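Below is one structure; the comments refer to it alone.
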Amino acid sequence: MIRDGRATVHSIISRQVSITGFDLSDYRQCLEKWNNAIATMFQQCESVGKTRCMKVYYEQLVLHPEGQIKRILQFLEIPWNNSVLHHEELVGKDISLSKVEKSTDQVVKPINLDALNKWVGHIPEDVVRDMPNIAPMLQILGYDPLMNPPNYGEADKMVLDNTANIHKNEQKWYRKTLKVVDESSHVHRDPSSRLQMGS
């Protein structure tokens, strides 16, 4: 899975995900660590070849879930099932989630656009300006290191509808998240006042 390193690092820092060697108070250092890690993984994927390692871009998975999931399932030789597009309907029924996993709150909701640009405006300006030098892998992976906010492309209608539904029914999704996570201490409001749990 390939994701814009700026979003990855913002998620790690805002959720306080402990990773050996990452200083969660320093965006620059975390981006440098991300760059080194993704460079190694990218090289390893290239070396084993396309039949053993498929690159999946997180942003494209979010924007075009049906096409991307079909591609993944075909690679894994798993038959298509439409339920993969509606995982949120199975949470608490056929799917159980960890209450301690930092991203459980996101899996409760349908595939939506909210996580794509959460990092924008949170990375210090000096780091944003120096991004091509701090994280050269961004450009190698096809991201514009200076585009802030980025343009990852247009979303499929289903994803736009899901996102609108989440925003319109904020309280419903908040309650469902609380039910699954079972700890309101993990829930907070973001600066735009939309109910959120983590980033």
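Note that my numbering numbers the sequence shown so that position 150 is 151, with each residue one more than the last.
C-beta: ideal position from N, C-alpha, C; glycine also.
Since the model is a prediction, treat every value here as computed from it, not as a measurement.
Comparing C-alpha positions only, which one of the options sits nearest to residue i?
i	options	result
PHE43	GLN30, TRP120 and TYR58	TYR58
PHE76	HIS87, SER84, HIS65 and LYS51	LYS51
GLN201	MET148, ILE135 and VAL182	Outside the displayed span of the chain (2 to 200) sits residue 201, for which this structure offers no information.
GLY6	MET55, GLU60, VAL49 and ASN82	GLU60
Between the alpha carbons of residue i and residue j, how many angstroms are there, rounded?
i	j	result
ASN37	PRO146	16 Å
HIS88	LEU139	30 Å
GLY143	PRO151	11 Å
SER26	ASP115	23 Å
GLY122	LYS169	24 Å
THR9	PRO80	30 Å
Since I believe residue j is in contact with residue i (beta carbons under 8 Å), could you give me their beta-carbon distance rounded to a whole number of angstroms?
i	j	result
ILE124	TYR28	5 Å
LEU32	VAL108	With a Cβ gap of about 26 Å, LEU32 and VAL108 do not count as contacting.
ASN113	THR164	4 Å
GLU67	ASP157	7 Å
ILE3	LYS71	The Cβ separation is near 18 Å, so there is no contact.
From the DSSP output, in three-state form, read off residue i for me.
i	result
ILE3	strand
TYR153	coil
VAL57	coil
VAL92	strand
THR21	coil
SER15	helix
Buried or exposed: residue i, going by 16 or more other Cβ atoms within 10 Å of its Cβ?
i	result
GLY199	Only weak support exists for where GLY199 lies, its pLDDT of 46 falling under 50; the coordinates are left without a value.
HIS65	buried
ARG176	exposed
THR21	exposed
VAL181	buried
VAL49	exposed
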